[in-house]
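Quick notes on the structure that follows.
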């Protein structure tokens, strides 16, 4: 996993990260504001030793003092030190201060001893630090003269006269302030950082265990083919009426025109003239993609036949406002001719061959020689053939059709189709030898187009930013769907001219194909 992959994962889980960061900061703030306030006070002593009358005595005394300072810090945690401190506090009228904690430290290369006390109130903490220093002075004095007295009991004044090493009070503890205000920002920042780290870890774990496709790269990796187009989530696609298809504009319309263009260049040496469109499961948009692809190809000047080969769940006759009557099943059965079964539409150069009556053996019909002959006939007439096939994981029809056409277009839904389903679709197509021209991703939330389409900005796709969309899903600068802006009309004209150029460049290759197919038809 690269840095780019991690950044893409974090962007995709932006809401999760924000929630974790805010929760982490809130937890840090609440903890700091509700926990008991802690006060810290420090009293400082200094160890002096040796005879300062000479340079050698001074150096030797400093060395001994530093060594003794380290040794004396060990006394702070002893039971005798604790008892001595408690006695001093009792004499000073503050016995409750003994409930705090004492610690000692020696700054590097010095003979100073810092006695640090922590407690629940400022006065108790101050008293504990000063009492701790007094107790340390007394205990150190007794320890230094113990060997000389043989353990005999003497007063501190008498002991002081018998040793050259002393601990003196250097600075008494001042009244401390609490740590709540000082450390609030630290806890909040720590909570924010911890929240971000937790969110990032959760996001990466979700990615590793996420069984659904989330981006273009995943589909390309699983299928070994490119993405022909990414269709944004658009409520207008659910209307499934020919008029709404013909007048589809904005980014959604451009996405289908991009599919048309990319399909033409899927095989530069032999551009496809008959394609199968399928999906892994029902309801993933393969019929919608079939319909719109057929329309935009016809709008580019091609003669197109849209075949509804999903005989178990046909929908194309409903889209174009026809009754479920004569169609593909009757043509393959030899009951009616192709010309009688073809249905004209309001879109120029587009005809539809509906599924017809539901036969008992759809797979046998679609894999028959008559189906092959039908495709040869349509191609010989110069038609571009778009076949709406059944889901590949449900039945074998799409695989059979893929072997007698120029290739298959696979349709998947971002955030719904599972990775193993994509792999299985690719495996089944490879098993039957059906070429996969590419994939189409559908129902992509517009706000997530940048995450799905790597290589584009998070808010850019096509020609404009999604921030220019109004509440109806159109570019705000477009005005009404029928009216359009000068910019959109210019883009449409450029696209149309490009399509006309592509059509003209293939006329010669199509003429050669007609010449090659004529002898076979004569037989």
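Residue numbers (this note's numbering): 132 to 654.
Even for Gly, the Cβ is constructed at its ideal location relative to N, Cα and C.
Partner residues in a beta bridge of residue 562, as assigned by DSSP, do not exist.
The residues 160, 163, 164, in chain order, have a CB closer than 8 Å to that of residue 315 in the same chain once the five nearest residues on each side in sequence are set aside. Beta bridge pairing from DSSP links residue 514 with 434. Between residue 547 and residue 366, the C-beta spacing is not below 8 Å.
Residue 428 sits in a helix when the DSSP states are folded into three classes.
When DSSP states are grouped into helix, strand and coil, residue 466 belongs to the coil group.
At a Cβ-Cβ threshold of 8 Å, residue 175 and residue 301 count as neighbours.
The three-state reading of DSSP puts residue 247 in strand, counting E and B together. Within 10 angstroms of the beta-carbon of residue 340 lie fewer than 16 other beta-carbons, which makes it exposed.
In the structure shown, residue 454 adopts coil according to DSSP, grouped into three states. Taking a C-beta distance under 8 Å as the contact criterion, residue 260 and residue 173 qualify as a contact pair. Taking all protein chains shown into account, residue 419 has 16 or more neighbouring C-beta atoms within 10 Å of its C-beta and is therefore buried.
Within the model, the alpha-carbon separation for residue 198 versus residue 298 is close to 12 Å.
Cβ-Cβ distances below 7 Å link residue 237 to 200, 201, 204, 243, 244 in the same chain, with the five nearest sequence neighbours on each side left out; the list follows chain order. Residue environment for residue 214: exposed (fewer than 16 other C-beta atoms within 10 angstroms of its C-beta). Assignment of residue 417 by DSSP, reduced to helix, strand and coil, places it in the helix class. Only buried fits residue 569, as 16 or more other CB atoms lie within 10 angstroms of its CB. Assigned with DSSP and collapsed to three states, residue 176 falls in strand.
Non-local beta-carbon contacts of residue 412 in its own chain, meaning distances under 8 Å to residues more than five positions away in sequence, involve 522, 524, 525, 548, 552 in chain order. Here residue 147 really is in contact with residue 334; their C-beta atoms are around 6 Å apart, less than 8 Å. Cβ-Cβ separation between residue 360 and residue 396: approximately 12 Å, too far for a contact (criterion under 8 Å).
If you look at residue 368, you'll find it isn't in any alpha helix (DSSP H); DSSP assigns it neither H nor E. For the pair residue 519 and residue 572, the CB atoms are not nearer than the 8 Å cut-off. Per DSSP, reduced to three states, the secondary structure at residue 574 is strand. Spatial neighbours of residue 433 in its own chain (CB-CB distance under 6 Å, excluding positions within 5 residues in sequence) are listed in chain order as 515. Between the C-alpha atoms of residue 151 and residue 234 there is a straight-line separation of about 37 Å. Spanning the alpha carbons of residue 178 and residue 250 requires a straight line of approximately 26 Å. Contact between the segment 490-510 and the segment 441-461 is present, with at least three C-beta pairs closer than 8 Å. Per DSSP, the continuous alpha helix (DSSP H) segment holding residue 160 begins and ends at 145-165. Annotation: the continuous beta strand (DSSP E) that includes residue 481 extends over 481-484. If you draw a straight line from the Cα of residue 544 to the Cα of residue 363, it is about 10 Å long.
Where residue 543 is concerned, the enclosing beta strand (DSSP E) starts and stops at 538-544. In the three-state reduction of the DSSP assignment, residue 402 falls in the coil class. When only Cα atoms are considered, residue 409 and residue 535 end up about 15 Å apart. The C-alpha of residue 351 lies about 57 Å from the C-alpha of residue 168. Look at residue 192 here: in three-state DSSP terms it is helix.
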